[in-house]
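Residue numbers (our numbering), protein chains in the order written: chain Y, 2 to 345; chain D, 24 to 293; chain G, 102 to 369.
Data first, discussion second: the structure below is written as structure tokens.
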Amino acid sequence: MTSTLLSGRLQLDAVSRSFGKLKAVDGVSLDIAAGEFIAFLGPSGCGKTTLLRIIAGFETADAGSLLLDGRDVAGVPPNRRDVGLVFQNLALFPHLTVAENIAFGMELRGRPRAEVQAKVEEAISLVALGGLGGRRIQQLSGGQKQRVALARALVLKPSVLLLDEPLSALDMKLRRQLQQELKTLQRSTGTTFIFVTHDQEEALSMADRVAVFSSGRLEQFDTPQMLYRRPASRFVAEFVGDANIRDAGQLAPLGIAPPAGTLLVVRPEDCALGTAAEAAPIRREGTIEALDFVGPHARLRLVLDGLAEPWLALCPGALAAGLAPGGRALLGFDPARAASVPAA
Amino acid sequence: MRTGLSVRTIAALLLILLPAPLVIVIGSSFSPLAVLGFPPPGFSWRWYLEFLRTPEWLWAFGVSAGIALASAVLTTLVALGAALALQGAPARWRGWAETAILAPLLFPHAALGIGLLGWLILAGLNGTATGILAAHLILCVPFAYRPIAVSLAQIDTSLAEAATILGADPRQAFRRVTLPLLRPGIAAAMLFSFIISFDEVTVTMFLVGPETTTLPVSIYARLNDSADPVVAAISSILILLTAGLVLLMDWLVGLRIFIDVEEEGRHPAA
Amino acid sequence: MNRLLLFAPMGLLIAGFALSVLGLLWSSLIHGGAALYADLLTDPIILRVLWRTAWIAVVTTGLCAVLGYPLALFLARSPRRNLWLILVISPWLVSIVVRTFGWMVLLGNRGVINTSLRGWGIIDSPIRILFTPTAVIIGLVHVFIPFMVIAILSSLLQQDRRLEEAGRILGGTRWQTFRRVTLPLSMPGVTGGCSLVLLMAAGAIVTPLLLGGLRDRMLGTQIYSEIFQVYNFDRATAMAVLLLVLALLLVAPLRLLEARLRHRLEAG
Numbered sequence: 002m003t004s005t006l007l008s009g010r011l012q013l014d015a016v017s018r019s020f021g022k023l024k025a026v027d028g029v030s031l032d033i034a035a036g037e038f039i040a041f042l043g044p045s046g047c048g049k050t051t052l053l054r055i056i057a058g059f060e061t062a063d064a065g066s067l068l069l070d071g072r073d074v075a076g077v078p079p080n081r082r083d084v085g086l087v088f089q090n091l092a093l094f095p096h097l098t099v100a101e102n103i104a105f106g107m108e109l110r111g112r113p114r115a116e117v118q119a120k121v122e123e124a125i126s127l128v129a130l131g132g133l134g135g136r137r138i139q140q141l142s143g144g145q146k147q148r149v150a151l152a153r154a155l156v157l158k159p160s161v162l163l164l165d166e167p168l169s170a171l172d173m174k175l176r177r178q179l180q181q182e183l184k185t186l187q188r189s190t191g192t193t194f195i196f197v198t199h200d201q202e203e204a205l206s207m208a209d210r211v212a213v214f215s216s217g218r219l220e221q222f223d224t225p226q227m228l229y230r231r232p233a234s235r236f237v238a239e240f241v242g243d244a245n246i247r248d249a250g251q252l253a254p255l256g257i258a259p260p261a262g263t264l265l266v267v268r269p270e271d272c273a274l275g276t277a278a279e280a281a282p283i284r285r286e287g288t289i290e291a292l293d294f295v296g297p298h299a300r301l302r303l304v305l306d307g308l309a310e311p312w313l314a315l316c317p318g319a320l321a322a323g324l325a326p327g328g329r330a331l332l333g334f335d336p337a338r339a340a341s342v343p344a345a
Numbered sequence: 024m025r026t027g028l029s030v031r032t033i034a035a036l037l038l039i040l041l042p043a044p045l046v047i048v049i050g051s052s053f054s055p056l057a058v059l060g061f062p063p064p065g066f067s068w069r070w071y072l073e074f075l076r077t078p079e080w081l082w083a084f085g086v087s088a089g090i091a092l093a094s095a096v097l098t099t100l101v102a103l104g105a106a107l108a109l110q111g112a113p114a115r116w117r118g119w120a121e122t123a124i125l126a127p128l129l130f131p132h133a134a135l136g137i138g139l140l141g142w143l144i145l146a147g148l149n150g151t152a153t154g155i156l157a158a159h160l161i162l163c164v165p166f167a168y169r170p171i172a173v174s175l176a177q178i179d180t181s182l183a184e185a186a187t188i189l190g191a192d193p194r195q196a197f198r199r200v201t202l203p204l205l206r207p208g209i210a211a212a213m214l215f216s217f218i219i220s221f222d223e224v225t226v227t228m229f230l231v232g233p234e235t236t237t238l239p240v241s242i243y244a245r246l247n248d249s250a251d252p253v254v255a256a257i258s259s260i261l262i263l264l265t266a267g268l269v270l271l272m273d274w275l276v277g278l279r280i281f282i283d284v285e286e287e288g289r290h291p292a293a
Numbered sequence: 102m103n104r105l106l107l108f109a110p111m112g113l114l115i116a117g118f119a120l121s122v123l124g125l126l127w128s129s130l131i132h133g134g135a136a137l138y139a140d141l142l143t144d145p146i147i148l149r150v151l152w153r154t155a156w157i158a159v160v161t162t163g164l165c166a167v168l169g170y171p172l173a174l175f176l177a178r179s180p181r182r183n184l185w186l187i188l189v190i191s192p193w194l195v196s197i198v199v200r201t202f203g204w205m206v207l208l209g210n211r212g213v214i215n216t217s218l219r220g221w222g223i224i225d226s227p228i229r230i231l232f233t234p235t236a237v238i239i240g241l242v243h244v245f246i247p248f249m250v251i252a253i254l255s256s257l258l259q260q261d262r263r264l265e266e267a268g269r270i271l272g273g274t275r276w277q278t279f280r281r282v283t284l285p286l287s288m289p290g291v292t293g294g295c296s297l298v299l300l301m302a303a304g305a306i307v308t309p310l311l312l313g314g315l316r317d318r319m320l321g322t323q324i325y326s327e328i329f330q331v332y333n334f335d336r337a338t339a340m341a342v343l344l345l346v347l348a349l350l351l352v353a354p355l356r357l358l359e360a361r362l363r364h365r366l367e368a369g
């Protein structure tokens, strides 16, 4: 169970798993390099957790293969895979202290007491829990529990660490903070992280590459920028960020003709308003239907003249420009900057 | 929301009346005279000494304690095995199995006593400690099963998985995680089973013999003839023993387990 | 495979229980036969015992429910529930024979109640309570009420307290809220407790024998003396089967009610 610099490569080839008629994981192939921070993103029930449990060894794939550092791990039980897992509910042992929780795995491996103690100390300070080793789990706050779960998994130096929505129970502020810490931790340990989440912002901000799932299938596996700028499917375009997605019929009144069988994806922040819109290649006036103030900018919904579907736009200076619901505004965008996805 | 006056009055009355007969028994056991009465006309340990000097009483106490201890340990082991076997089993099987396990609770004890007597006679075990123990195992096992099943259901399944991913094989995961977390349930099962066995009389009275009888059945037999203070003394010992075990249970597990267990009993397959 | 092995000892105990039930049916139905039942069911003494068993069990159950519910409600709301629970659970777990003995001391002609009443000059001659059905019912209620209290308490504690608060905020008085929210939601506990008490009261032996004496017998005591005084095993098993049938008949309406309640609660 030692980790070298090169360990932690994970190759999935056409992995499938069905429960009765439901195809929870449907022919997923992924090649994850050692030391990458990967996010599995998708709505609940999309199969990301099942895939995680297959990688951990709690579920077996019906078809396909799973290679860890080139070795097929199909028949290897979870306790002998070189994989760590941080559970969604953390699954900390309530009958043990913080230090005992962290020492658990090393004791199973029969490491000498002195080494265990040293490693536990090291892990405790790594996750900034100094002085809490003797605490009971019930005495910890949500964020502290989180860190114990991380330390317990990382102290074994697994080549791959799986994290199953570990931050979902925390409030927004603590969540942001722990996201940062996780990222730093991942860089410093060089461990391959696979982070499951249904929060697209979390996935985009943390991961080197994101795998987007829908109904058991892999929709796209790419960097956050590519995912956002060049979505591979309508699902990805809609799930990652907001988007105005239009077909040829809806675009015709604006004088745009996208290639047959494709949809145009215009991000709200690519839509300019007012004077800024005057230079844009495509322009149309409309009535402001709704305006939500969200701090740094405002989110607007406009009904453009002659078009049925309302458009979404993000405007930093909307309030200063005196825009208000019921008022008129000019919206403009550049179709060359927009992405296109297959219509089907 | 507070409860109304009438509710509180009835509750207070019952909370006095429930322990009252037991307090009276304890009080009358200190009588220096041979007649039962409350309040006792004086104070003496006379009848406790009488109990300690009578080999038949001591023997019955020993038999009861031995059977209760054996049935506490055995039913707990049996119940633990069954609860583990049923954990994660298909809901339908589990429902049937639990109905079968809990069935003796819903069977009139007079009928159960005579039914047990029937086959114990055939096996030549009527009137023996083995026969009584066999009957007590059947009677007590539902009481051992429910706290264990409740505790097991309360343990998050991801804890065993966490142990596994940290390197434990199934046996280590059970020994180091599941078993320690089951401890309250196991303690409750043993105490519950011990108390039920030690106090059981309705079924046991069909199964005792001239040589082997239990303490509650001996008390019953004596009461049929005469109610004298030695019975009060022995009863007081039983009362204090039971109360002590209840307090022990409260301290070890909390009395809430009695209520949780009831819930489990009403929806066996849930 | 592993599962079967773990379950095997429990299987053995279940088999032991099943054997008792089957033995009961065998020795009364096959060995004894229909003549035995015909004999029993035409015996006026047995019919009277059956009737007495039924009404004593029903009255006991009713009293347990009517008295037990307020106590359960009190326990559910009390901040010091654990303390009061000790007062309910300790007597509950003390041997039936000991508790019945306590009532003998209390209710006898020279018992605590008669002595005090006479001492206070309220009565001249002792009132006869011991060896009457009243004594039996008092004893049985005392013995079985904790079962009822625990059953009702468990269903009360399971209830979401906010439902009650919702009832109040919607304009219900305390009584209306109780009647239309709390009580209906706790009915599964009441019916469950009633089934249990009915079954146990119908099959009681020790309390009716010690507090009811030899005249006013119940089915359980009749079975006991059939075996140990008359030595007629077959007849005793036939009576045990009658007891089973009686118990089922008594509990059946409750079970139906419970099924309907559960259906309603789960559908809603």
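Think of the CB as a built atom: it goes at the ideal place given N, C-alpha and C, for glycine as much as any other residue.
Since we're looking at a predicted model, the values are computed, not measured.
Can you tell me where the beta strand (DSSP E) with residue i in it begins and where it stops?
i	result
P234/G	Run containing P234/G: none in the beta strand (DSSP E); it sits in the alpha helix (DSSP H), 234–259.
Q12/Y	11–20
F279/G	Unbroken run through F279/G: none, as it is neither H nor E.
G85/Y	84–87
A340/Y	340–343
K158/Y	K158/Y -> no beta strand (DSSP E), and no H or E assigned at all.
E286/Y	283–294
Residues in the same chain with beta-carbon distance under 7 angstroms from residue i, minus the five sequence neighbours each way, listed in chain order, please.
i	result
A119/Y	none
H290/D	In this prediction, H290/D has a pLDDT of 48, which is less than 50 and means its spatial position is unreliable; nothing more can be read from the coordinates.
V240/D	V224, T227, M228, V231
L214/D	L268, L271, M272
Do residue i and residue j have their C-beta atoms closer together than 7 angstroms?
i	j	result
A173/G	L254/G	yes
I90/D	L156/D	yes
I289/Y	I39/Y	no
A88/D	S191/G	no
V304/G	G141/D	Rather than Val, the amino acid found at residue 304/G in this sequence is Gly. The answer is no: Cβ separation not under 7 angstroms.
P78/Y	G65/Y	no
F382/Y	V161/Y	Any question about residue 382/Y goes unanswered here, given that chain Y covers just 2 to 345.
I230/G	A236/G	yes
T235/D	A158/D	no
L109/D	R115/D	no
Near residue i, what residues of its chain come up, given a Cβ to Cβ distance below 6 angstroms and the 5 sequence neighbours on each side ignored?
i	result
G154/D	L143, L148, L230
R1/Y	Residue 1/Y lies beyond the residue range present for chain Y, which begins at 2 and ends at 345; the question has no answer from this structure.
S129/G	T338, A339, V342
Any C-beta of chain B sitting closer than 7 angstroms to the C-beta of residue i?
i	result
A92/Y	Going by chain labels, chain B is absent from the structure shown, which instead holds the protein chains Y, D and G.
Among the residues of its own chain, which have a CB less than 8 angstroms from the CB of residue i, if the five just before and after it don't count?
i	result
M2/Y	Because M2/Y sits at a pLDDT of 43, beneath the cut-off of 50, its placement in the model cannot be relied upon, and the point is left open.
Name the two residues that bound the continuous alpha helix (DSSP H) containing residue i.
i	result
T98/D	78–109
G112/G	103–126
D222/D	202–222
W185/G	182–194
Problem - Contact between the segment 176–191 of chain D and the segment 105–120 of chain G (3+ Cβ pairs under 8 angstroms) - result: no
Practice task
Taking 8 angstroms as the threshold, find out whether the segment 132–145 of chain Y comes into contact with the segment 87–107 of chain Y through three or more Cβ pairs.
Solution key: yes
Handout entry: Residues of the segment 103–134 of chain Y with Cβ closer than 9 angstroms to any Cβ of chain D, in chain order
Key = F105, G106, M107, E108, L109, R110
Handout entry: Contact residues within the segment 168–184 of chain D, judged by C-beta distance below 7 angstroms to chain Y
Key = D179, S181, L182, E184
Handout entry: Cβ contact check for the segment 117–131 of chain Y and the segment 144–158 of chain Y: 3 or more pairs under 8 angstroms
Key = yes
Problem - Residues of the segment 166–191 of chain G whose Cβ lies closer than 7 angstroms to any Cβ of chain D, in chain order - result: L168, P171, L172, L174, F175, R178, N183, W185, L186, I187, L188, V189, I190, S191
Practice task
Output, in sequence order along the chain, the residues in the segment 126–160 of chain G whose CB is closer than 7 angstroms to any CB in chain D.
Solution key: S128
Handout entry: Members of the segment 126–150 of chain D near chain G, C-beta cut-off 7 angstroms
Key = A126, P127, L129, P131, H132, A133, A134, L135, I137, G138, L139, G141, W142
Problem - Residues, ordered as in the chain, of the segment 229–245 of chain D that lie near chain G by beta-carbon distance below 9 angstroms - result: F229, L238, P239, V240, I242, Y243
Practice task
Mind the definition here: the segment 175–186 of chain G touches the segment 29–36 of chain D only if three or more C-beta pairs lie below 8 angstroms; say whether that holds.
Solution key: yes
Practice task
Would you be able to state if there are at least three C-beta pairs under 8 angstroms between the segment 33–48 of chain D and the segment 184–201 of chain G?
Solution key: yes
Exercise for the section: Taking only beta carbons into account, state which residues of the segment 185–217 of chain D come closer than 9 angstroms to chain Y, listed in chain order. Expected result: A185, A186, T187, I188, L189, G190, A191, D192, P193, Q195, A196, R199, V200, P203, L204, R206
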